[in-house]
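Asker:
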Amino acid sequence: MIFSDKSFKEGRSLATIFSLKEWRTRATAGVGGIAAIIAGWGIGLFEEKDQPPPPTLSVGRPIPAGEWSLRFERVTRSDRLPDGTMVSRFGREAVILYVQATNRTTRSSNSLLQAVALATSVKGVDARPTAYLTRDHAIMSDLQPGLPEEVALVWTYPVGQRIAARLRFDVMASNFKPRDNLYAQPLWTDVHKIGVVDLPLRTAKGDGL
Numbered sequence: 001m002i003f004s005d006k007s008f009k010e011g012r013s014l015a016t017i018f019s020l021k022e023w024r025t026r027a028t029a030g031v032g033g034i035a036a037i038i039a040g041w042g043i044g045l046f047e048e049k050d051q052p053p054p055p056t057l058s059v060g061r062p063i064p065a066g067e068w069s070l071r072f073e074r075v076t077r078s079d080r081l082p083d084g085t086m087v088s089r090f091g092r093e094a095v096i097l098y099v100q101a102t103n104r105t106t107r108s109s110n111s112l113l114q115a116v117a118l119a120t121s122v123k124g125v126d127a128r129p130t131a132y133l134t135r136d137h138a139i140m141s142d143l144q145p146g147l148p149e150e151v152a153l154v155w156t157y158p159v160g161q162r163i164a165a166r167l168r169f170d171v172m173a174s175n176f177k178p179r180d181n182l183y184a185q186p187l188w189t190d191v192h193k194i195g196v197v198d199l200p201l202r203t204a205k206g207d208g209l
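Just so you know, the sequence shown maps onto residues 1 to 209 in this note's numbering.
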């Protein structure tokens with residue numbers, strides 16, 4: 001089959017028209033996507049700006065925090081762990097937060113480790129604390145319901161690293177759901193910050209810091 005110059009030019013013109021339409025469609029979609037991203041970013045920024053700062057919670061008084069009731073007491077820096085291990089031998093120092101924790105649920109739990117977070121920035125610090133029972137200096141496992149326990153939450157960080165004179169801790173809580181959607185079992189979910197605790201950092205007595 002032989003195509004004339006005229007049909008070839010018409011075909012090329014149609015192809016050009018379709019290409020332009022396709023380019024316009026893609027450009028419109030791209031602009032729309034960018035606009036949606038900008039709008040979402042602006043809404044998120046407005047909502048973040050509109051939210052009030054988390055409240056500062058009391059020290060020395062019980063704080064209901066979902067699964068836990070927490071009473072913050074003091075925070076110290078030390079060259080040893082509650083069990084006597086000298087962490088300075090491993091090039092580390094320790095921040096030790098003393099709290100009284102009561103399990104408010106009906107089951108034993110160790111979710112206390114997710115209920116308190118060190119909010120003050122310290123370079124090289126542990127992501128999560130290790131918990132010790134102060135009565136026997138053993139690493140905490142699960143805490144039984146309804147029994148207050150004196151607990152030391154420990155974060156280690158590199159020796160010589162600068163650390164603030166006051167430390168801030170985020171207090172987290174979960175909401176109770178009587179029945180989950182999958183197993184129809186009760187559970188604690190939706191972890192969220194309920195406030196902050198601000199404490200002066202002290203040096204533990206007898207330490208060589």
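All C-beta atoms in this analysis are idealised placements derived from N, C-alpha and C, irrespective of residue type, glycine included. As the structure is a computational prediction, the values presented were derived from the model and not from experiment.
Can you say whether Thr189 is buried or exposed, counting buried as having 16 or more other CB atoms within 10 angstroms of its CB?
Answerer: Position 189 of the sequence shown, counted from the start, is the residue given in the question as residue 189. With fewer than 16 Cβ atoms within 10 Å of its Cβ, Thr189 is classed as exposed.
Asker: Out of Asp170, Pro52 and Gly91, which one is the CA nearest neighbour of Thr156?
Answerer: Walking along the sequence shown from the start, residue 156 turns up at place 156. The option with the nearest alpha carbon to Thr156 is Gly91.
Asker: Three or more C-beta pairs closer than 8 Å, one from the segment 195 to 204 and one from the segment 157 to 171: is that the case here?
Answerer: The segment 195 to 204 is in contact with the segment 157 to 171.
Asker: Skipping 5 residues on each side, what residues in its chain have a beta carbon closer than 7 Å to that of Pro55?
Answerer: Taking the sequence shown and counting its residues from 1, one reaches residue 55 at position 55. The answer, listed in chain order, is Gly195.
Asker: Would DSSP call Leu112 helix, strand or coil?
Answerer: If you number the sequence shown from 1, residue 112 lands on position 112. Three-state result, Leu112: helix.
Asker: May I have the straight-line CA-CA distance separating Asp136 from Gln51, to the nearest angstrom?
Answerer: Translated into positions along the sequence shown, residue 136 becomes position 136. Translated into positions along the sequence shown, residue 51 becomes position 51. Cα to Cα, the separation comes out at about 43 Å.
Asker: Does the count of Cβ pairs from the segment 103 to 113 and the segment 80 to 90 closer than 8 Å reach three?
Answerer: No, they do not touch.
Asker: Return the chain-ordered ranges of every alpha helix (DSSP H) run that is complete within the segment 98 to 152 and spans a minimum of 4 residues.
Answerer: List check, alpha helix (DSSP H) in window: nothing returned.
Asker: If you measure between the beta carbons of Ala101 and Arg61, is that distance less than 9 Å?
Answerer: Along the sequence shown, one-based indexing puts residue 101 at 101. Along the sequence shown, one-based indexing puts residue 61 at 61. No, the pair does not count as a contact, with Cβ atoms beyond the cut-off.
Asker: Taking the alpha carbon of Asp83 as the point to measure from, which residue in Arg107, Val151 and Pro53 has its own alpha carbon closest?
Answerer: Translated into the one-based positions of the sequence shown, residue 83 becomes position 83. Here the closest residue by C-alpha is Val151.
Asker: Kindly list the residues whose CB is nearer than 6 Å to the CB of Ala173, restricted to its own chain and excluding five residues on each side of it in sequence; keep chain order.
Answerer: Residue 173 sits at position 173 when you count from the first residue of the sequence shown. Hits under 6 Å: Ala65, Gly66 and Ile194.
Asker: So which of Ser109, Arg77, Met140 and Ala131 has the shortest CA-CA distance to Val122?
Answerer: Within the sequence shown, numbered from 1, the residue matching residue 122 stands at position 122. The shortest C-alpha separation from Val122 is found at Arg77.
Asker: Between the C-alpha atoms of Arg107 and Leu153, what's the straight-line distance to the nearest angstrom?
Answerer: Residue numbering aside, residue 107 sits at position 107 when the sequence shown is read from its first letter. Residue numbering aside, residue 153 sits at position 153 when the sequence shown is read from its first letter. Taking the straight line from one Cα to the other gives about 21 Å.
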